[in-house]
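Q:
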Amino acid sequence: MTRRPLNGRAACGLLVAGLATSLVGCGDGPAPEVLSGEDLVFPAPPGPKPVSSVSNDDFAGADACAACHQDQFDLWQGSTHGRAGGAAVPDVLIAPFDGTPIRFADGIVIPRRAASAGGGAEYEFLVRQDGFAEQVVPVAGVVGGGHMLGGGTQGFFTNWVDGTVRFLAWDWSRAEGEWFCNTGTRLDQGWVTITPGMRMADCGDWPPTRVLGTEARFSNCQGCHGSQIRLTRAPEGQDGFATRLTTLQVNCESCHGPGAEHIRRAEAVLEGESGLGAVASGGFGADGVDLGIESLAIQSKDESLRVCFQCHALKDVLNEDYLPGDSLELFYALKFPILGDEPFFADARVKTFAYQGTHLASACYLDGAMDCVSCHEPHAQGYWDQHRNDLASPFDDGQCTSCHGSKMEPLEAHTFHAPESEGSRCVNCHMPYLQHPEVGPGVGFARSDHTIPNPRPGFEAELGVESSCIQCHEDLSPAELDRQVREWWGELKPHRPLVSGQRAAATERSRTRAAELLLRPDLNDPLIQFQALSRFLVERLEPDLPGLEEPVRDRLLDLTRSPDLDVRALALAALHWSRGDDPTVRAALVEALRGEPGWALRQRWILALGFLGDEKAGEGDLAGAEAAYRKSLELSPDDPRVLAARGLALYQAGEFQAAAESLLRSLAGDPDASLTRVNLGMTLAAMGDGPGAQRAYTQVIETDPTEPLAWFNLANLLQRAERLEEAAAAYQRAIDLDPGLQRAHFFRARALILMGRIPEALTPARRALELDPDYPPAQEMVRDLERALTGG
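Here it is, written out as structure tokens:
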């Protein structure tokens with residue numbers, strides 16, 4: 044998943060969407076310094092962003108695989124991938140849809156069998172909330188089956204009016220046997236069991252906002268909770284979005300890629316068809332005929348990991364519409380979620396929330412050949428050793444001792460615990476199940492630590508990580524445990540240089556000395572290398588520094604030659620940001636683009652600059668934001684997304700004329716960008732051009748009538764013009780499309796009050812207060828309405 048929501052948020056009518064999330068940014072502004080010489084001119088972009096080379100028609104579905112691969116198909120059907128989700132039917136559901144209410148302080152939610160089969164939904168949630176009309180929410184799909192050892196859950200989707208499929212707020216925990224919800228965007232308490240003291244709006248996914256599929260307009264689940272998921276604009280002649288998927292299971296082609304051509308070729312071979320010459324695809328039959336699919340068995344370590352990292356790693360979106368079989372690097376940047384968010388501790392263990400991408404910081408990966416299928420049998424998803432011998436459980440030592448056989452001679456000499464005890468299990472000490480901190484302690488979500496660390500109780504206590512030792516020895520302090528560890532094993536293995544370097548740099552005032560600690564091009568440690576580099580960029584560099592120390596510059600230059608694409612792109616962005624006008628630096632930047640003219644490196648580079656621009660704009664530093672956006676345009680001149688982000692930053696700074704010019708330039712390149720046109724309307728309204736603003740909103744509604752912000756902002760204009768009936772109707776349309784749009788509820792209530800429809804105004808006023816309890820105007824409005832209606 045991505046760590047950043049890609050949708051932006053509504054703030055008093057303006058959509059706020061930053062470059063680091065939607066890849067948009069700079070425009071007109073100060074021209075860059077002109078440097079002489081052809082070697083100092085950036086080569087032109089390689090063309091428009093790539094589109095997917097794979098389509099849904101290239102996939103055949105898992106059932107088509109069974110005819111030739113029955114054994115693997117049968118194993119898959121019983122696996123957690125094969126049982127990952129589907130329609131809401133009895134053999135998929137583990138949550139009790141038996142009519143027992145989920146009780147909140149302000150109402151109840153009743154999970155039940157559907158009262159009728161309308162719409163094809165067999166199960167539904169009945170929502171009865173104080174002060175609001177009863178609402179029925181059909182369950183269109185189920186994800187999860189409570190399979191995970193550290194805390195398995197089940198969630199639910201519903202079809203939305205705009206064609207999206209949206210995640211519902213109420214999840215079921217198998218371990219707790221309770222309903223829970225995610226409060227992260229409301230109370231910031233993580234996952235909590237629902238209690239009668241909670242309000243419905245404490246649940247961050249109520250009303251539903253998060254969608255299935257990858258789309259910059261929304262907070263989203265990407266394509267991981269199912270197979271071949273695509274969320275696109277609806278076909279011409281239809282409104283809104285189109286959600287297309289094969290299944291909510293994780294099927295064969297999610298890993299193997301599209302199989303339709305493979306099936307056609309295999310059938311042709313079986314039928315004796317000639318003319319299928321061999322090509323270098325890696326998927327050959329016994330006679331050398333190309334079978335149209337790549338064998339995963341011959342992949343390199345990193346190629347194999349990328350198959351799993353499609354879902355089992357944090358990632359930032361570079362390009363939407365990814366399908367398995369395409370290049371993952373063209374669509375996602377796996378290390379970029381580290382930039383700014385810091386999801387990992389210094390040694391890459393999970394600090395907030397993450398997945399198994401932390402494996403890239405393990406010694407088993409860095410110094411060995413370990414990939415996911417070294418331990419995980421891919422079809423049944425059981426466990427095996429490196430020789431493919433099946434193992435009884437995830438705690439079987441054979442996973443480790445098939446490589447580290449010396450640790451068994453004898454076992455207690457290594458573990459200092461009885462051989463049959465929990466303390467002698469490799470996984471319990473080196474891959475403990477740890478609760479992800481961002482989830483909170485209320486609902487189980489512990490995942491095995493894939494950094495595969497050595498136990499260090501003292502260091503872990505300093506980090507705030509739960510030590511594997513203390514999981515069993517709760518009666519001992521970290522200091523006591525640390526003394527015991529050192530008594531048994533002696534001096535502990537030193538940390539890798541960048542782990543200790545990050546900790547030392549935190550108190551280092553000298554930039555040159557910090558560079559020595561954080562910028563280590565000599566190391567093979569790309570995940571932590573990226574983490575240290577991102578920390579240096581954010582904390583130590585500013586745009587166009589007059590005097591970047593030569594040792595710092597040289598270390599960054601060395602990192603631009605890293606074999607890791609993410610590290611290389613971030614180092615280039617750091618140099619461009621801090622000293623892009625220096626001829627030596629500029630020549631290196633130009634050479635990097637000439638040496639790798641493709642889209643992937645350049646887009647990561649822009650992503651990093653965009654993050655910096657967003658940060659500066661958020662701090663009110665327009666000059667810094669302009670510097671980042673200007674540099675982004677050097678890489679991608681007239682990029683509509685860059686120009687749109689710059690227009691937004693200028694609007695927020697009150698530079699309305701320049702903002703409008705930047706937004707218009709953006710629309711010249713992408714006239715269908717609804718949110719850019721909404722922002723243009725907001726800018727024109729701020730300039731006093733009401734008719735121009737209305738034209739902008741109307742244009743959006745004509746081409747994209749499911750855009751709630753266009754309706755909301757149009758309603759604002761109508762209300763100012765005292766066209767209250769029309770305003771109230773437009774506000775209601777915005778609410779229907781996005782019930783979480785708090786200001787739409789508030790201003791609809793105000794329009795109704797101005798029309799004298801006092802009883803009708805109370806419901807939207809209450810919803811506005813529910814969504815933002817600390818909003819004083821809503822507090823006052825509800826209080827006055829209730830007083831007026833009760834005569835109090």
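Residue numbering for the sequence shown follows my numbering, beginning at 44 and increasing consecutively.
Each residue gets a CB set at the ideal place from its N, CA and C atoms; glycine is no exception.
#1: Reducing DSSP to helix, strand and coil, say where Q301 ends up.
#2: Helix, strand or coil: how does DSSP classify G623 here?
#3: Using CA coordinates, which residue listed in P86, G187, M191, Q822 is at the minimum distance from P437?
#4: Assuming contact is defined by CB atoms lying nearer than 7 Å, are L570 and A404 in contact in what I supplied?
#5: Mind checking whether G247 and R260 have CB atoms under 7 Å apart?
#6: If we count Cβ pairs, one from each stretch, closer than 8 Å, do we get three or more for the stretch 395–403 versus the stretch 91–110?
#7: What number of angstroms, rounded off, separates the C-alpha of T395 from the C-alpha of A764?
#8: Look at the alpha carbon of F284 and the alpha carbon of P748, and state the distance between them as a whole number of angstroms.
#9: From this set, R156, N263, P139, which residue's C-alpha is nearest G220's C-alpha?
#10: Please list, in chain order, all residues of the same chain as R810 whose beta carbon is under 6 Å from its beta carbon, the five residues on each side excluded.
#11: Just verifying my parser: in three-state terms, what is the DSSP assignment at C224?
#12: For my contact list, L650 and F379 are in at a C-beta cut-off of 8 Å; report their separation, rounded to the angstrom.
#13: Are there three or more Cβ pairs, one per stretch, closer than 8 Å when the stretch 659–675 is compared with the stretch 615–624?
#14: Tell me which residues share the same chain as Y740 and place their Cβ nearer than 6 Å to its Cβ, disregarding the 5 neighbours each side in the sequence.
#15: Go through its chain and collect everything with a Cβ distance to S511's Cβ below 6 Å, but skip five positions before and after it.
#16: Should A285 be flagged as near chain D, meaning a C-beta pair shorter than 7 Å?
#17: What number of angstroms, rounded off, separates the C-alpha of R684 from the C-alpha of G184?
#18: Between the Cα of W203 and those of R604, G174, Q197, T286, spot the shortest distance and give me the residue it belongs to.
#19: Thinking just about the alpha-carbon of each residue, which of G507, G485, G501 is nearest to the one in G193?
#20: Since L652 contacts L608 with CB under 8 Å, what's their CB separation in whole angstroms?
#21: Using the beta-carbon count (16 or more within 10 Å), is E452 buried or exposed?
#22: Cα separation between G487 and I237?
#23: Go ahead and pull the three-state DSSP assignment for I649.
#24: According to DSSP, is L377 helix, strand or coil?
#25: According to DSSP, simplified to helix, strand and coil, what is N263?
#26: Find the nearest neighbour of L710 within the set T252, G690, D625, F199, judged by alpha-carbon distance.
#27: Roughly how many angstroms lie between the CA atoms of P301 and F210, to the nearest whole one?
#28: Excluding sequence positions up to five away, which residues of its chain have a Cβ less than 7 Å from the Cβ of Q737?
#29: Quick check on V84: buried or exposed, where buried means 16 or more other Cβ atoms within 10 Å of its Cβ?
#30: Can you look up L570 in the DSSP assignment and give me helix, strand or coil?
#31: Quick check: the Cα distance between A157 and A131, rounded to an integer number of angstroms?
#32: Within the continuous beta strand (DSSP E) that includes G198, where are the two ends?
#33: Below 8 Å on the Cβ atoms is my guess for D492 versus R583; work out the distance and round it to an integer in Å.
#34: Are C108 and F116 close, meaning C-beta to C-beta below 7 Å?
#35: Have a look at A666 and P586 and give me their C-alpha separation to the nearest angstrom.
#36: Verify whether the separation of the beta carbon atoms of A843 and F699 is less than 7 Å.
A: Looking at the coordinates:
#1: This sequence places Pro at residue 301; Gln is not what is there. Here P301 sits in coil by DSSP.
#2: coil
#3: M191
#4: yes
#5: no
#6: no
#7: 48 Å
#8: 11 Å
#9: P139
#10: H788
#11: strand
#12: 6 Å
#13: yes
#14: G724, A753, N756, L757
#15: C472, P475, P498
#16: The chain labelled as chain D is not found in the depicted structure, where only one protein chain is given.
#17: 33 Å
#18: T286
#19: G485
#20: Actually they are not in contact, since the Cβ atoms of L652 and L608 sit about 16 Å apart, beyond 8 Å.
#21: exposed
#22: 14 Å
#23: helix
#24: coil
#25: strand
#26: G690
#27: 27 Å
#28: L757, L760
#29: exposed
#30: helix
#31: 11 Å
#32: 196–202
#33: Not quite, the Cβ-Cβ distance comes to about 30 Å (not below 8 Å), so this is no contact.
#34: yes
#35: 9 Å
#36: With the chain covering 44 to 835 only, the question about residue 843 has no answer from this structure.
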